[in-house]
Structures are given as C-alpha cells and as structure tokens.
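K.L.:
Provided herewith is a single structure, encoded as structure tokens, for subsequent inquiry.
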Amino acid sequence: MKKLLLFVLTLATAVIPSFSQDLPYAREIINTLSSPEFKGRGYVDNGDRIAADYIAVEFQKLGLNSIANSKTQAVKKGSDYFQQFNVSVNALPGELMIKLNNNLLIPGTDYLIEAGTPGISGNFPVKTITRKDISVGDNALRLLDIKTKTFILVDNRDKSGETKEHSSRTDEFIELLKHCPNKNIKGILVLTNDKLSWEPSSIENPRPVVTINKDLDVNSVTRIEIIVESTFFKKYPTQNICGVIPGATNSDLYILVTAHYDHLGMMGKATLFPGANDNASGVALMLNLAKYYSVNKPKYTMVFVALGAEELGLFGAIEFVDNPPLDLRKINFLINLDLAGTGDEGIKVVNGSIFKDKFDLLSKINTENKLLPKVEIRGEACISDHCMFYRKGVPSFYIYTLGGINAYHDVYDRPETLPLTEFEDYCRLLIKFIDEI
Ligand SMILES: [Zn+2]
624 MKKLLLFVLT LATAVIPSFS QDLPYAREII NTLSSPEFKG RGYVDNGDRI
674 AADYIAVEFQ KLGLNSIANS KTQAVKKGSD YFQQFNVSVN ALPGELMIKL
724 NNNLLIPGTD YLIEAGTPGI SGNFPVKTIT RKDISVGDNA LRLLDIKTKT
774 FILVDNRDKS GETKEHSSRT DEFIELLKHC PNKNIKGILV LTNDKLSWEP
824 SSIENPRPVV TINKDLDVNS VTRIEIIVES TFFKKYPTQN ICGVIPGATN
874 SDLYILVTAH YDHLGMMGKA TLFPGANDNA SGVALMLNLA KYYSVNKPKY
924 TMVFVALGAE ELGLFGAIEF VDNPPLDLRK INFLINLDLA GTGDEGIKVV
974 NGSIFKDKFD LLSKINTENK LLPKVEIRGE ACISDHCMFY RKGVPSFYIY
1024 TLGGINAYHD VYDRPETLPL TEFEDYCRLL IKFIDEI
C-alpha cells in the first residue's frame, strides 16, 4: 500500500510541474529585499541601487541575457542589465524628532511626516483648529491671520454632521494650508483617526506636514519641538533592470513581465518601510517565472523588467517607453505584477475588460486547473506601471492579489506577516497563461 502510494505520488509530480521548491526561493527574495540593509528600496543610503544590484545578480545566476545582447549569453557584469535614468526626489535621510509639549512622538506608528518636507529645526507655538472652525462663515481666512511663526494643528477627527459638499470644501482648505505662501504658517499637523499611509515625493514642499494618529488632548498641545533633516536631489540616478530569455520559435516577438522593485525607502534614520507585499512579492514572482523559463524554453522571447521609481510617479515605466530598448510594437503581451503576496480572495485583473479574450483565457485556465479562488475583472486603471505601456498601445494586464493583510504603504508591510497564500498557484496560472498566449 505504501509503495503504491509513493508510486502514484511520483507519477503525479512527474506530470504536473512542481513549484514547491520555489516558495523558499520567493521567501528568500522577499526577506532580502525587505530587510533593513535594503533601506526600504528608496532614496536614502542608495536603497534603490542596493536592490537593483541584488536583482541583477539573480538575473545573472539564472543566465538571463541583457537586452543589448539578447541573442547571446554575454552578460559580463550586473550593470549590463541596467537602463539608467534620473529622477527628482526629496529624501529624509537624517535626524527626525517631534515633541509636542515635551511628549516625544514615535515616528511610523504615531505619525508620518510628508516626504516633501523641507529641513527644519526649532521650537514653535501651536495653534489648534477643528474642522468646525474652518466651516463657520469666513472664519477660515481669519484662522490664517497669524503674527508669529506658528504650527497649525488641524483636528481632523470629527466629521460628524458635515454634508458632502461642506466636507470636500473643508478638505480643500486643509490642502491649501499645506501649500499657501503665508510665511508665518511654519508647519501643519493633521490629527486623524485614519490609517497612516506614506508616499515618496519628487518635489520639496513649502513647509513640514505631519499626520498624527494618536489619542491626544488637543487643548494641551501648545508647543512643538521639531528636527527634520532633508535633502533635495534634482537629478538622482536610478535604474530599471532588464533581462531576456530568447524565444524558441517566435523569438522576434516579446512577452514582458514587469514588477517595480522600488518602495518608499526610509523616513529619517529609524523608520523603515519594508514593502514586502509592495512589491518585493511581485519581484519574487517575476524571478520565479524567470527561473522557470530559464529551464523550460519559452515560445516567445521573455523580457523581465524590474522597474524603478514607480512609487515616485511611474518614472521607470516612463523611461522604458520613452527610450525603449526594444520595439514596443513587437510586445505581444505585458503582465505587470504588483502586490502579489496574498491571494486569499483571488486576483484582480486591471485591463481585463479591455483585453477580454486574454482575460477569458486566464479565467478558463484558472477554473480548469482549480488554482485561485477567484479571478476578478476590472477595466482601465492608471495605478501602476502597465499604464505607461498601455498608453503606447502595448496590450497589457496589471494583476494584484486580493484578501489577506491590510498593510500598505506603512511600516507594517513586513515579510514575516506576508502570507503568500496562493503564491504557487498564482505562479502556475501565469505559466499556463503565458504558454497559451
Ligand atoms: Zn506597488
């Protein structure tokens, strides 16, 4: 009985390609890319470059060609895979400290300071206003009549009794406070109940903006002590990493698999945004596909692109399509992978309703092979790198996983809590799909 079972199992694994050996590989990539040594893959301490070098070494290990030498095996060094470009970025690489009336706030958990914040150091009075203050008659303008350099604390928590129109006018006024030219408004503190979420910035803002989620008695806050060190780079050199596996039969046509490897980086010296789901997971999935096709030769030429500067504004994708290292018209299909680390509730396919035949194929393969719990359709959405290719006429999907964790653009997007629930089945689905395109 035992022997028979073993025989059946051996037969089963021989017929269906197994990826069980690749989940540890995916874990290793996600753990490494999300580790403190990679600095959140942003623009503090060359986090982006450390990640790019690591991905290039993986490409090299898998025997990928560079685009320039796409028909040969001659990749001499990792940087041969690079497509370099410059971005503008405001980074917060140094000291970061905020005290409200001598109470030290914890960065990352109590507050996030906008990445565009200019350098500042000092002790300033705080004037508190509420959403209700803003909404009374012409009160809002009177609130800006400040004689000394002051931080405005906006208590943004209580939105009760606001009409929709009223609510959006108040939000607009708070935005205006962040950017208006009044020199006496030294900075803005926004007290919120909402989840904190961070974005990198390609510009330097006029003043610090701090979003605080902490149980505070606003009436007791009268002073702020603040230190922020910031650096604005007008031309920060960063890169895409492109690797090629030549096609066995239709080598002049391409299938592109893209995944952005950059994330938000660091907010000061101590606050790391690991970006395990966003998007170490997508890079891990892309590398798994590259690993598979390095052994199982694809029909079309496969091009794997780890795109940079997505979070700053899709700049890596813009660079690729503006200075294309290959003929964009020969891209048969593009799959952009971002947020690949869950799948408890299946996947969502952006552009699914645009390229409906491809969506139907993907969905059919999923049903027939009983892989993911759901394959959901979505229309156009310019929310990740595929968009820049799509606008140039490249047929493309952007696929992301659904369910699982809520961590996103915060300090909680960590490898140890990333479930990778459907990672192997997701990988199997993509291979079967690519093979049938
Ligand atoms: Zn992302």
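Each residue of the sequence shown is one higher than the last, beginning at 624 in this note's numbering.
Here a beta-carbon is modelled for each residue, glycine too, at the ideal position from N, C-alpha and C.
Do you know how far the Cα of Glu-788 is from the Cα of Asp-794?
P.N.:
10 Å
K.L.:
Terminal residues of the continuous beta strand (DSSP E) containing Leu-985?
P.N.:
Segment 979-992 is the alpha helix (DSSP H) holding Leu-985; no beta strand (DSSP E) there.
K.L.:
Per DSSP, which residues does Ile-752 bridge with? Please list them.
P.N.:
Val-777
K.L.:
Are the beta-carbon atoms belonging to Glu-827 and Ser-853 less than 9 Å from one another?
P.N.:
yes
K.L.:
In chain order, what are the residues with a CB under 5 Å from some non-hydrogen atom of ligand 1?
P.N.:
In chain order, the qualifying residues are Asp-901, Asn-902 and Asp-961.
K.L.:
Could you tell me if Thr-740 is buried or exposed, where buried requires 16 or more neighbouring beta carbons within 10 angstroms of its beta carbon?
P.N.:
buried
K.L.:
Identify whether Leu-634 lies in helix, strand or coil by the three-state DSSP scheme.
P.N.:
In this prediction, Leu-634 has a pLDDT of 42, which is less than 50 and means its spatial position is unreliable; what the coordinates show is noted afterwards. In this structure, DSSP gives Leu-634 a helical state, which the three-state scheme calls helix.
K.L.:
When burial is assigned at 16 or more other CB atoms within 10 Å of the CB, is Val-918 buried or exposed?
P.N.:
exposed
K.L.:
Just the C-alpha distance for Lys-626 and Pro-647, rounded to the nearest angstrom, thanks.
P.N.:
Confidence is the limiting factor: at Lys-626 the pLDDT is only 39, short of 50, which leaves the residue's position unreliable and the question unanswerable from this model.
K.L.:
Hey, how far is the Cα of Thr-732 from the Cα of Asn-989?
P.N.:
40 Å
K.L.:
Starting from the C-beta of Glu-785, find all residues in its chain whose C-beta is less than 8 Å away, skip the five residues before and the five after it, and write them out in chain order.
P.N.:
If you ignore the 5 residues before and after Glu-785, its C-beta comes within less than 8 Å of the C-beta of Arg-754, Ser-758 and Thr-793, all in its own chain and listed in chain order.
K.L.:
Only counting runs of 4 or more residues, tell me where the alpha helix (DSSP H) segments fall wholly within the segment 766-819, in order along the chain.
P.N.:
787-802
K.L.:
Quick check: is any heavy atom of ligand 2 less than 8 Å from the C-beta of Glu-660?
P.N.:
By its list of ligands, the structure shown excludes ligand 2, since it contains just ligand 1.
K.L.:
In chain order, what residues of the same chain have a beta carbon less than 8 Å from the beta carbon of Leu-839, not counting five sequence neighbours either side?
P.N.:
Excluding sequence positions up to five before and after Leu-839, its CB lies within less than 8 Å of the CB of Leu-723 and Leu-814, all in the same chain and listed in chain order.
K.L.:
Within the chosen definition, does the segment 864-880 reach the segment 921-935 through at least 3 CB pairs nearer than 8 Å?
P.N.:
These segments touch.
K.L.:
Here's the rule: buried if 16 or more other CB atoms are within 10 angstroms of the residue's CB, otherwise exposed. What is Val-972?
P.N.:
Buried, since its Cβ has 16 or more Cβ neighbours within 10 Å.
K.L.:
Taking a contact to mean a Cβ-Cβ separation below 9 Å, would you say Asp-1008 touches Leu-935 in this structure?
P.N.:
no
K.L.:
Does the distance from the CB of Ile-977 to the CB of Leu-1053 come in under 9 Å?
P.N.:
no
K.L.:
Between the Cα of Ser-824 and those of Met-889, Gln-862, Ile-797 and Val-841, spot the shortest distance and give me the residue it belongs to.
P.N.:
Met-889
K.L.:
For Gly-870 and Asn-688, I'd like the C-alpha separation in whole angstroms.
P.N.:
C-alpha separation (whole angstroms): 12 Å.
K.L.:
Provide the residue(s) that pair with His-886 in DSSP beta bridges, ordered along the chain.
P.N.:
Answer is none; His-886 lacks a bridge partner.
K.L.:
So, under 8 Å CB-CB, Cys-803 and Gln-706 are touching, yes? Tell me the CB distance rounded to an integer number of Å.
P.N.:
Contact doesn't hold; Cβ gap of about 39 Å is too wide.
K.L.:
Taking the alpha carbon of Gly-898 as the reference point, which residue from Leu-908, Tyr-666, Asp-781 and Leu-887 has its own alpha carbon closest?
P.N.:
Leu-887
K.L.:
Could you confirm whether any beta carbon from chain D is found closer than 9 Å to the beta carbon of Thr-786?
P.N.:
The structure shown contains no chain D; it is built from a single protein chain.
K.L.:
Which term fits Ser-657, buried or exposed, when burial requires 16 or more other beta carbons within 10 angstroms of its beta carbon?
P.N.:
buried
K.L.:
Per DSSP, Ser-855 is paired with what?
P.N.:
At residue 855 the sequence reads Phe, which differs from the Ser that was named. Partner(s): Asn-713.
K.L.:
Whole alpha helix (DSSP H) runs in the segment 998-1034 with 4 or more residues, listed along the chain?
P.N.:
Correct list: 1009-1014.
K.L.:
Assign Ala-637 to one of two classes, buried (16 or more other C-beta atoms within 10 Å of its C-beta) or exposed (fewer than that).
P.N.:
Since pLDDT at Ala-637 reaches only 41, below the 50 mark, its modelled position is unreliable, and no value is offered.
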